[in-house]
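**Student:**
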Amino acid sequence: MTNPEFDKKFGEECGIVGVYDPNGDVSRLAFYGIYALQHRGQESAGIASADGHKIKLRTGMGLVTHVFKDEDLDYLTGDIAIGHTRYSTTGTSNIKNAQPIVVDGGNFKLAIAHNGNVVNSLELKREMEELGYDFNTSSDSEVIAKIVSNAPASTWEGRIAYLMRKVQGAYSLTLMTEKELIAVRDPLGVRPLCFGKVNGGWIIASESCALDNVGAKYVREVNPGEAIIFDSQGYKSIYQKDMEKCSFCVFEHIYFARPDSEIDGKLVYKSRLLMGKELAREHPVEADMVIGVPDSATASAVGYSEESGIPFGEGLVKNRYVGRTFINPDQRMREVGVKVKLNPLRELIQGKRLVVVDDSIVRGTTSKPVVSLLRNAGASEIHLRICAPPIKFPCHFGVDFPTRKELIAANNSIDEIKDTIEADSLGYLSHAGLLKAVKAEESNVCMGCFTGNHPIPVQLEMDKLSLEV
Ligand code: AMP
């Protein structure tokens with residue numbers, strides 16, 4: 017049986033890149049790639065490079081710019097590189113879990129960078145341990161690496177088919193041998209992955225903003241269930257699983273991805289703008305000014321303002337050097353974190369009835385201090401509007417949502433939440449409104465955190481277990 021705690025701790029939201037460029041500086045391209053994806057993970061960063069003969073690796077704890085100095089990038093020579101930024105979950109800060117991971121499969125060495133979460137990793141690990149394989153980490157990414165490097169197949173097509181047969185869950189991957197670069201996206205297409213042309217080569221990245229940053233020309237997304245190999249001949253799709261359905265994570269549009277990225281064929285900024293417009297239709301209110309909680313809700317606040325006719329303004333200034341408050345390990349620190357991160361513009365909001373748009377409420381720890389900051393700064397009314405529906409279920413596919421016990425909407429009515437956070441009114445976007453904003457059918461996206469309908473049925477078992485944690 018799968019173990020939710022194993023998977024929750026070690027699978028997560030991350031940023032990945034892959035570069036193939038025989039004439040370029042691959043480690044620097046990978047560096048700028050993961051730098052653009054810093055929002056997807058701040059705990060650790062790493063780059064591996066290959067020169068046709070050997071794989072070199074550098075990983076470290078912290079932000080991309082803290083981990084890599086010029087001499088590290090000089091050391092990482094070759095034609096190919098992959099990179100990774102890792103998101104921190106509940107305090108499991110451990111250099112052992114930094115990626116890329118390099119494994120020796122006997123016939124070849126394999127480096128892997130993984131974004132997502134495998135839901136049957138414990139089973140697979142046990143199966144392999146019984147066959148005599150050793151594991152160095154407790155990460156699901158190492159399980160993927162060992163499955164691929166020991167697959168009973170002599171071609172990449174065969175190895176990827178084996179991987180997709182064995183492994184269940186979310187995995188966007190960049191894989192690298194001494195000589196090859198491969199991009200893989202799981203058949204459900206839960207996490208994003210795209211690629212583009214750069215100089216005389218190619219770059220793969222979680223989000224298109226990383227392509228823009230290095231001046232690459234966007235080509236397309238890696239399809240769900242597809243594997244693509246990159247070499248001097250160009251790129252070649254080497255495997256495409258027959259598609260039953262896909263389940264792109266809708267939370268990428270709400271919060272995770274950068275607004276300037278195009279994912280799932282849509283500009284994230286535009287999706288957020290439309291969420292704001294839908295919110296204005298679903299939860300209108302009389303007010304003097306619409307503000308967003310920076311940065312993820314800014315576009316939605318603009319959308320709310322455009323649809324309602326209430327002027328948009330900036331009411332909170334964000335210290336850009338403070339990371340995402342959510343990652344602070346305990347509740348008290350999260351509350352302090354909000355004050356350190358956000359400062360109200362008193363003069364602008366004094367005496368005003370405010371519509372405050374935020375992307376999501378998870379535990380409810382951010383909203384309360386935000387409301388009280390604005391109230392203390394003189395706002396006369398605070399109407400909170402949330403771009404996501406109530407989050408009632410944990411995510412087992414790579415977003416760090418806590419257990420049901422900690423999710424405020426799993427245990428409280430909307431009215432109770434409104435009272436807890438001390439807002440004058442509270443409105444969440446409906447499921448239908450969200451689907452309209454991201455222009456998707458429910459059957460093509462994962463909304464498991466809102467509905468409990470996860471794309472793989474085994475998840476229901478895990479949700480029950482998470483209630484007991
Ligand atoms: P909370 O205080 O637990 O309700 O957290 C809600 C805030 O954390 C949201 O407004 C987001 O800005 C941010 N957030 C939401 N989901 C995540 C996540 N999975 N990881 C990091 N931050 C998140």
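Counting in my numbering, the sequence shown runs from 17 upward without gaps.
Positions of the beta carbon are idealized from the N, C-alpha and C atoms, including for glycine.
Just so we're clear, the structure is a prediction, and the values are computed from it rather than from any experiment.
Looking only at DSSP bridge pairs, what is V378 linked to?
**Tutor:** Its beta-bridge partners do not exist; DSSP assigns none.
**Student:** Could you have a look at A127 and say whether DSSP puts it in helix, strand or coil?
**Tutor:** The answer is strand: DSSP assigns A127 an E or B state.
**Student:** Between V83 and the ligand AMP, is the CB less than 7 Å from at least one heavy atom?
**Tutor:** Checking the Cβ of V83 against the ligand AMP gives no.
**Student:** Would you mind working out which of K452, I117 and D150 sits nearest L191, comparing C-alpha positions?
**Tutor:** Measuring from the Cα of L191, the nearest candidate turns out to be I117.
**Student:** Taking A315 and I307 to be in contact with their CB atoms under 8 Å, please state how far apart those CB atoms are, rounded to whole angstroms.
**Tutor:** About 13 Å; that fails the 8 Å criterion.
**Student:** Any idea what DSSP makes of L423, helix, strand or coil?
**Tutor:** It is coil, neither helix nor strand.
**Student:** Assess contact between the region 407 to 418 and the region 381 to 389, defined as three or more Cβ pairs (one per stretch) separated by less than 8 Å. Is contact present?
**Tutor:** Not touching, per the Cβ criterion.
**Student:** In terms of alpha-carbon separation, which member of K112, A127, G121 and Y91 lies closest to G99?
**Tutor:** Considering only alpha carbons, the answer is A127.
**Student:** From which residue to which residue does the alpha helix (DSSP H) around S383 run?
**Tutor:** Residues S383 to N392.
**Student:** Mind checking which residues open and close the alpha helix (DSSP H) that includes N229?
**Tutor:** Start and end: S224 to N229.
**Student:** Where DSSP assigns a beta bridge to R369, which residues make up the other side?
**Tutor:** Its beta-bridge partners are E397.
**Student:** For L332, count neighbouring C-beta atoms within 10 Å of its own C-beta (all shown protein chains included) and say buried if the count is 16 or more, exposed if not.
**Tutor:** So L332 counts as buried.
**Student:** Count the CB pairs spanning the region 174 to 192 and the region 201 to 220 that are closer than 8 Å, and state whether there are at least three.
**Tutor:** Yes, since at least three Cβ pairs between the region 174 to 192 and the region 201 to 220 fall closer than 8 Å, the two stretches touch.
**Student:** Per DSSP, H100 is paired with what?
**Tutor:** Answer is I32 and G62, bridged to H100.
**Student:** Determine the direct distance from the alpha carbon of P410 to that of S154, and round the result to whole angstroms.
**Tutor:** Rounded to whole angstroms, S154 to P410 spans 21 Å at the Cα level.
**Student:** If I measure Cβ to Cβ from L140 and keep anything under 6 Å in the same chain, skipping five residues before and after, which residues do I get?
**Tutor:** Contacts found: V159.
**Student:** Is L73 helix, strand or coil by DSSP?
**Tutor:** Correct three-state label for L73: strand.
**Student:** Cβ of V284 within 8 Å of Cβ of H299?
**Tutor:** Not in contact: V284 and H299 (Cβ atoms no closer than 8 Å).
**Student:** Does the beta carbon of S383 fall short of 7 Å from some heavy atom of the ligand AMP?
**Tutor:** Within the cutoff, so yes.
**Student:** Which class does V318 belong to by DSSP, given the choice of helix, strand or coil?
**Tutor:** Three-state result, V318: helix.
**Student:** Is there at least one non-hydrogen atom of the ligand AMP closer than 7 Å to the beta-carbon of Y178?
**Tutor:** Every heavy atom of the ligand AMP is 7 Å or more from the Cβ of Y178, so no.
**Student:** According to DSSP, simplified to helix, strand and coil, what is M463?
**Tutor:** Of the three classes helix, strand and coil, the one that applies to M463 here is coil, per DSSP.
**Student:** For the candidate residues V378, Q115 and L147, whose alpha-carbon lies nearest to that of F267?
**Tutor:** Closest by alpha carbon: V378.
**Student:** P240: which of V206, S165, F246 and K213 sits nearest, CA to CA?
**Tutor:** When each option's Cα is compared against that of P240, the closest is V206.
**Student:** For A114, does the count of other Cβ atoms within 10 angstroms reach 16, so buried, or fall short, so exposed?
**Tutor:** Buried.
**Student:** Short of 6 Å in beta carbon distance, which residues of its chain neighbour E397, apart from the five on each side in sequence? Order them along the chain.
**Tutor:** Closer than 6 Å at the Cβ level, and outside the excluded window around E397, lie R369 and D440.
**Student:** Since N359 sits in a beta bridge, which residues does DSSP pair it with?
**Tutor:** Beta-bridge pairing links N359 to V333.
**Student:** Please state whether DSSP places K162 in a helix, a strand or coil.
**Tutor:** Reduced to three states, the DSSP call for K162 is helix.
**Student:** Look up S287 in the DSSP assignment and say whether it is helix, strand or coil.
**Tutor:** Helix at S287.
**Student:** CA-CA distance, E223 and L451?
**Tutor:** Their Cα atoms are separated by approximately 21 Å.
**Student:** With distance defined between alpha-carbon atoms, name the residue in I219, A395, E173 and E322 nearest to I32.
**Tutor:** Answer by Cα proximity: I219.
**Student:** DSSP has F211 in a bridge; who is on the other side?
**Tutor:** According to DSSP, F211 bridges with I220 and R236.
**Student:** Cβ-heavy atom distance between V415 and the ligand AMP below 7 Å?
**Tutor:** Yes, since a heavy atom of the ligand AMP falls inside the 7 Å radius drawn around the Cβ of V415.
**Student:** Let's test the definition: count the other Cβ atoms within 10 Å of the Cβ of E59 and tell me whether it reaches 16, buried, or not, exposed.
**Tutor:** The residue is buried, with at least 16 neighbouring Cβ atoms inside 10 Å.
**Student:** For G443, report the span of its beta strand (DSSP E) as first-last.
**Tutor:** Note, G443: beta strand (DSSP E), S441 to Y444.
**Student:** Does the Cβ of S463 have 16 or more other Cβ atoms within 10 Å, making it buried, or fewer, making it exposed?
**Tutor:** In the sequence on display, residue 463 carries Met and not Ser. When all chains shown are included, M463 counts as buried.
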